[in-house]
Structures are given as C-alpha cells and as structure tokens.
Amino acid sequence: MNRTIGIIGSGIGGLAVAIRLALRGCSVTVFEQSATPGGKISTLASNGFRFDTGPSLFTLPALVEELFMLAGKNMNDYLRVVSLPVTCNYFFPDGFQIRAWSDKEKFVDEVENAGIERTVIEKYLARQSFVYNNTSDFFLFNSIHKISTYTGEAGRKSLGALHRLDALKSMHRRNKQTFGNTPLTQLFDRYATYNGSDPYRAPATLNMIAHLEHNTGAWFPVNGMVGIINALVKLATELHVDFHFSEQVKKLETSGKKIEKLITGKSEYKFDVVINNADVTGFYRNILHDELRLKKLSRRERSSSALIFYWGVNFESDLDVHNILFSADYAAEFNGLFHDKTFADDLTVYIFISKKVVDTDASAGKENWFVMVNAPENIGQDWERQKEKARNIILEKIKKILNVDLNGLIETEDVMTPVDIEKRTSSVNGSLYGHSSNGALAAFLRHPNFSRKYKNLYFVGGSVHPGGGIPLCLASAKIVDQLIK
Ligand SMILES: Cc1cc2nc3c(=O)[nH]c(=O)nc-3n(C[C@H](O)[C@H](O)[C@H](O)COP(=O)(O)OP(=O)(O)OC[C@H]3O[C@@H](n4cnc5c(N)ncnc54)[C@H](O)[C@@H]3O)c2cc1C
164 MNRTIGIIGS GIGGLAVAIR LALRGCSVTV FEQSATPGGK ISTLASNGFR
214 FDTGPSLFTL PALVEELFML AGKNMNDYLR VVSLPVTCNY FFPDGFQIRA
264 WSDKEKFVDE VENAGIERTV IEKYLARQSF VYNNTSDFFL FNSIHKISTY
314 TGEAGRKSLG ALHRLDALKS MHRRNKQTFG NTPLTQLFDR YATYNGSDPY
364 RAPATLNMIA HLEHNTGAWF PVNGMVGIIN ALVKLATELH VDFHFSEQVK
414 KLETSGKKIE KLITGKSEYK FDVVINNADV TGFYRNILHD ELRLKKLSRR
464 ERSSSALIFY WGVNFESDLD VHNILFSADY AAEFNGLFHD KTFADDLTVY
514 IFISKKVVDT DASAGKENWF VMVNAPENIG QDWERQKEKA RNIILEKIKK
564 ILNVDLNGLI ETEDVMTPVD IEKRTSSVNG SLYGHSSNGA LAAFLRHPNF
614 SRKYKNLYFV GGSVHPGGGI PLCLASAKIV DQLIK
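As numbered in this note's numbering, residues 164 to 648 make up the sequence shown, in order.
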C-alpha cells in the first residue's frame with residue numbers, strides 16, 4: 164500500500180499507528196506541536212532526580228511487543244521491562260495494609276487477612292478474567308461503531324458473556340455486594356480511576372480492569388515509562404516515519420467528503436489519509452472547526468484530571484513502586500471530583516517511586532516521589548488554592564499513615580496541575596482520559612475511530628474508542644490500522 168498518511172500528534176496512539184502503517188508500506192509523517200514525542204508520557208529532570216511525569220502503571224506489555232514483532236524485531240533490543248512482584252501496596256485509613264502481589268495465590272493469602280474468604284476473591288477475579296477474555300475483542304480490539312463487529316467473531320464471542328457484563332449496576336454496588344464493608348470494596352472501586360471515572364456511577368463491567376493487574380501482572384521499563392516512547396520512536400524512525408516536532412497542526416481544509424489539506428504553522432501538506440491523535444474535542448474546536456460535533460462532545464462529562472507533586476526526597480522509604488494511601492470517605496472524594504469539581508477534605512494519595520526499579524532516578528539515599536491525587540477537570544478553579552489545600556492534606560496523610568514527616572525532607576519540588584496538563588498535551592480541561600465512562604452506554608458513546616463525514620479521516624488515542632490508558636491507546640491504533648485496510 165503506497166499511501167501518504169499525516170498524523171496529528173505523537174502520543175502513544177499516534178506512534179503505534181505510525182509504525183503499523185509504515186510497516187504496510189505507507190509513507191507516514193507525524194506532526195507534533197511539542198519539541199519532544201510521547202504526549203502525556205514524558206519525563207522531567209530536576210536537580211539530580213528524574214521523574215516520569217505521566218503514566219506510571221504499565222500493563223499488557225504484549226501490545227507494545229506486538230509492534231516490534233510485526234517489524235520482525237526483538238523488543239528487548241529496544242525496551243527492557245521487568246515484572247513487578249507487588250503491583251500495588253495499599254494503605255487504608257484504619258491502619259490496615261494489603262500488598263497486591265502479582266502472584267495470585269499470594270494475593271489471595273494476603274486478603275484472607277482482610278477477612279475475605281478465599282473463594283470470594285477467587286470467584287471475583289475469575290469473573291473479571293472471563294468477562295475480559297470474552298469481551299475484549301469486541302469492546303477493545305474492534306470498532307464498536309461498525310456492524311461487522313457485531314456480526315463477526317468478536318460479537319459472537321461476547322454474546323456468551325452478556326449475562327456477566329453487569330452494565331446496569333455500578334462498580335461500587337457490585338464490589339460492595341461482593342466484599343461488603345471490607346477494604347477490598349475500596350481497593351476494587353479504585354479501578355474506576357484507571358479511565359478517570361467514578362466507581363459510584365461507572366458500570367460494573369469496568370470491574371474487568373482489575374483483571375489486567377491481578378491476573379496478568381504489572382510491569383515496568385528498566386529506563387522508566389519514557390523508555391516506551393524512546394523505543395517506539397526509534398522503531399518508527401527505522402521504518403522511515405518522518406517526524407516534524409514543534410510543528411502544530413492549525414487547520415484541515417476539506418472538499419466534499421475529503422480532507423484536502425493539512426495546514427501547520429510552518430507549511431501546507433496533502434495526504435491520502437489524515438489520522439488525529441490529539442484530544443478529539445480539541446480537534447473539533449481548534450483544527451477541524453466543526454461546531455455541531457463540538458457541541459455534542461462538549462455536552463458529555465469529561466474524565467477526571469490529576470494534581471501531581473514531583474518531590475525529590477532526601478531519604479529512603481520501604482515503599483514499593485506503586486503505593487496508595489486511601490481516603491476515609493471515598494464517596495465524598497468522588498462527589499468532589501465529579502459534582503463539586505473541587506478537592507474533598509480527605510484525599511486518596513498515590514505515591515509512585517520509579518527509583519525502586521531505575522536506580523539512577525535518584526542518587527544514593529534519596530528517592531523520586533511522584534505524588535498524585537485525582538483532581539477534577541479544570542473549569543477555571545483557583546489552582547493555587549487547590550494546590551495548597553491538596554498539598555496540606557497529602558503531607559498530613561503521609562505523616563499519619565506512613566509515619567513520615569516530609570517537611571525538611573523534600574529537596575526539590577515540581578508540580579503539574581490540570582491546567583499544565585492541558586497546556587502541554589492539549590487535553591481539554593486537563594482530563595487524563597477524554598470523556599468519563601460514567602454510564603452504562605459510555606463505551607458506545609465514545610467517538611469512533613473513523614469520521615462519518617470525511618472518508619479519509621481517522622482517530623486514534625485515549626479520547627476516542629476504546630478509551631484512555633496505554634493499553635487502550637495501543638488497541639485504538641490496531642483498530643485504525645484494520646479500518647484503513
Ligand atoms: C498524570 C497522568 C497519569 C496517567 N497514568 C496512567 C497510567 O498509570 N497508566 C496508563 O496506562 N495510562 C495513564 N495515563 C493515561 C495515558 O497517559 C494516556 O491515556 C495516553 O498516554 C494518551 O495517549 P494518546 O495517544 O491519546 O496521546 P496523548 O498523550 O494525549 O498525546 C497527544 C499528542 O498530540 C499532540 N497535539 C495535540 N494537538 C496538536 C496539534 N494541533 N498539532 C500537533 N500536535 C498536537 C500533543 O502535543 C500530544 O503530544 C495517565 C495520564 C496522565 C496525564
């Protein structure tokens with residue numbers, strides 16, 4: 164296939180689809196407004212500390228590996244990943260602690276201490292595994308906006324799991340029914356945040372997210388999350404993908420049902436096919452200028468954002484790579500995020516320390532703490548005040564639960580607010596995952612991977628089907644590749 168392809172954005176979805184199409188003989192050009200690739204997957208060097216600034220949890224590395232295999236290469240020559248023995252270390256407000264071991268048996272042993280019968284957790288995880296294995300082809304690896312997906316193999320396979328989808332119940336309701344008032348309800352409710360949603364409203368179908376970590380494990384690149392981007396850019400460059408960094412796409416010119424021209428701040432280009440990897444709402448607002456589409460998308464609830472402190476700390480903890488300190492009132496926290504659009508008075512704090520794998524990320528005796536709380540989308544809140552409020556809550560919580568007073572131990576501090584996320588990646592309102600999945604029909608309401616209006620326009624990345632997060636962005640690239648075929 165000798166077509167010319169123009170891609171707007173070099174997020175992981177844009178990179179993956181660039182590689183797939185280059186492998187099929189297309190001539191691919193990627194336009195990235197920033198000076199560096201990767202979008203939300205980025206890195207920060209600060210006074211001797213290195214931080215991954217965006218995603219930290221890496222599941223389903225096989226989806227990255229597939230890109231190297233398609234190219235006839237060995238991923239290990241580009242990117243080495245290690246499996247994490249503990250996927251996350253959970254601390255509850257009452258002092259209870261659960262280590263989520265990758266090894267399922269070990270995890271089940273651990274949760275028995277939380278008063279859960281083995282069979283209850285085993286059945287729960289088996290159920291999520293069943294739902295994922297039977298429905299992922301339909302929901303994640305094909306376009307649910309094409310009739311052929313319903314009539315084909317993926318549709319038939321998912322029919323067998325319909326009775327387990329649980330779409331009319333919320334994640335929380337199902338988890339509460341299963342685990343009652345034990346810590347496991349909160350632990351499994353948390354998976355709603357993996358696509359920026361609210362466990363009290365997101366459909367229980369999404370409980371299958373837990374399948375990935377608990378049945379398949381979590382991984383980490385030996386040179387940090389940004390190593391994934393470096394590896395993909397290297398592969399893409401070898402396949403002659405042409406990168407134009409610091410070149411923002413300003414406009415698409417159309418004629419009838421076709422995108423005719425792609426116009427950047429520097430020049431004008433013609434492509435057979437254009438693929439958008441930028442946030443889809445921003446795309447209709449800033450690039451295609453389609454008021455009707457924009458109005459429709461703007462009515463839908465956005466996913467949550469994040470407030471992150473990058474702290475270089477002058478001590479060594481006994482924490483793991485991923486750690487969660489839960490709030491005492493999870494319902495109030497989500498009410499704040501999605502209803503009041505502000506921080507509640509108690510927050511769940513996530514601490515990610517890549518130094519636990521990448522020794523060079525901080526010097527001896529020090530650690531790089533990426534400390535994040537879920538934040539509401541940016542609707543013009545006073546982020547200086549919000550930041551101060553969250554910082555105090557976080558420091559207090561760390562002191563109370565981990566018995567560590569960080570005052571005096573923080574050597575360097577950088578901060579990223581929802582406003583910064585929007586500025587750096589053009590994600591509307593700083594949402595991490597496009598629209599939220601709060602509702603039984605959310606999966607079907609996501610923007611398709613193709614345009615119904617323009618025959619040569621496609622969409623990839625976290626703001627379109629099947630959704631946000633690294634694995635789903637990689638799945639969207641696979642879908643676009645199939646659609647262009
Ligand atoms: C703080 C944070 C934590 C996260 N944690 C996790 C996690 O632990 N695990 C996980 O799997 N996911 C996580 N995510 C989500 C994950 O990072 C995203 O879903 C994914 O990286 C999005 O990739 P994408 O392909 O949609 O592109 P994006 O990363 O959104 O990149 C889009 C690119 O398009 C460029 N662009 C936009 N407009 C234009 C234009 N007009 N012209 C040219 N270029 C343009 C942008 O500059 C950007 O580089 C997190 C995200 C954040 C921000």
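Even for Gly, the Cβ is constructed at its ideal location relative to N, Cα and C.
The bridge partners DSSP lists for Y513 are I487 and M535.
Taken in chain order, the whole beta strand (DSSP E) runs of length 3 or more contained in the stretch 558-627 are 573-579 and 620-622.
Bridge partners of V437 according to DSSP: G169 and L620. Looking at the backbone, the Cα of L470 and that of S626 are separated by about 20 Å. Under a 10 Å Cβ-count criterion, M238 is classified as buried, with 16 or more other Cβ atoms of the shown protein chains found around its own Cβ. When distances are taken from the beta-carbon of I372 to the heavy atoms of ligand 1, even the shortest one reaches 6 Å or more.
Out of V385, T588, F231 and T250, the CA that lies nearest to the CA of I514 is found in T250.
At a threshold of 6 Å, S197 counts as near ligand 1, since its beta carbon sits closer than that to one of the ligand's heavy atoms. Excluding the 5 residues flanking it on each side, T444 has same chain C-beta neighbours closer than 6 Å at L460 and V591, in chain order. In this chain, the alpha helix (DSSP H) harbouring V643 covers I633 to I647.
A distance criterion of 6 Å places the beta-carbon of T588 in contact range of ligand 1, judged by its closest non-hydrogen atom. The closest heavy atom of ligand 1 lies 6 Å or more from the beta carbon of K550.
Around the beta carbon of M232, a 10 Å sphere encloses fewer than 16 other beta carbons of the protein chains shown; the residue is thus reported as exposed. Put simply, of T400, A324, G419 and G428 the residue whose alpha carbon is nearest the alpha carbon of V412 is G428. Less than 7 Å separates the beta-carbon of V294 from that of A324. 7 Å or more divides the Cβ of D361 from the Cβ of F506. Counting along the chain, the unbroken alpha helix (DSSP H) around K320 starts and ends at E316 to L322. The Cβ atoms of L500 and K560 do not sit closer than 7 Å to each other. Counting only runs of 3+ residues, the beta strand (DSSP E) found wholly inside the stretch 248-318 occupies 249-254 and 260-264, in chain order. Here K459 carries a helix assignment [DSSP, helix/strand/coil]. With a threshold of 6 Å, the Cβ atom of Q291 does not count as near ligand 1, since no heavy atom of the ligand is closer than that. Bridge pairing for P366: S333 [DSSP].
Counting only residues of its own chain and dropping the five nearest sequence neighbours on each side, S526 has a CB closer than 8 Å to the CB of G211. Taking N486 as reference, the option from G419, I573 and R262 with the minimal CA-CA separation is R262. Judged by DSSP in its simplified three-state form, G475 adopts strand. The Cβ-Cβ distance between P366 and A330 falls below 7 Å. Around the beta carbon of R243, a 10 Å sphere encloses fewer than 16 other beta carbons of the protein chains shown; the residue is thus reported as exposed. For F506, the shortest C-beta to heavy atom distance toward ligand 1 is 6 Å or greater. Counting C-beta atoms within 10 angstroms of its own C-beta, S418 has fewer than 16 neighbours from the protein chains shown and is therefore classed as exposed. One thing to note: V623 has its Cβ no nearer than 7 Å to the Cβ of N386. Take the alpha-carbon of A494 and the one of T216: they are about 27 Å apart. Take the alpha-carbon of L608 and the one of E454: they are about 18 Å apart. A185 and G201 have their C-alpha atoms some 18 Å from each other. Remark: the shortest separation between the CB of S517 and any heavy atom of ligand 1 does not fall under 6 Å.
Taking each of N344, S600, D545 and H403 in turn and checking the Cα distance to N370, the smallest one comes out for S600. Distance check between N252 and each of E376, N358 and A208 places E376 closest, using alpha-carbon atoms only.
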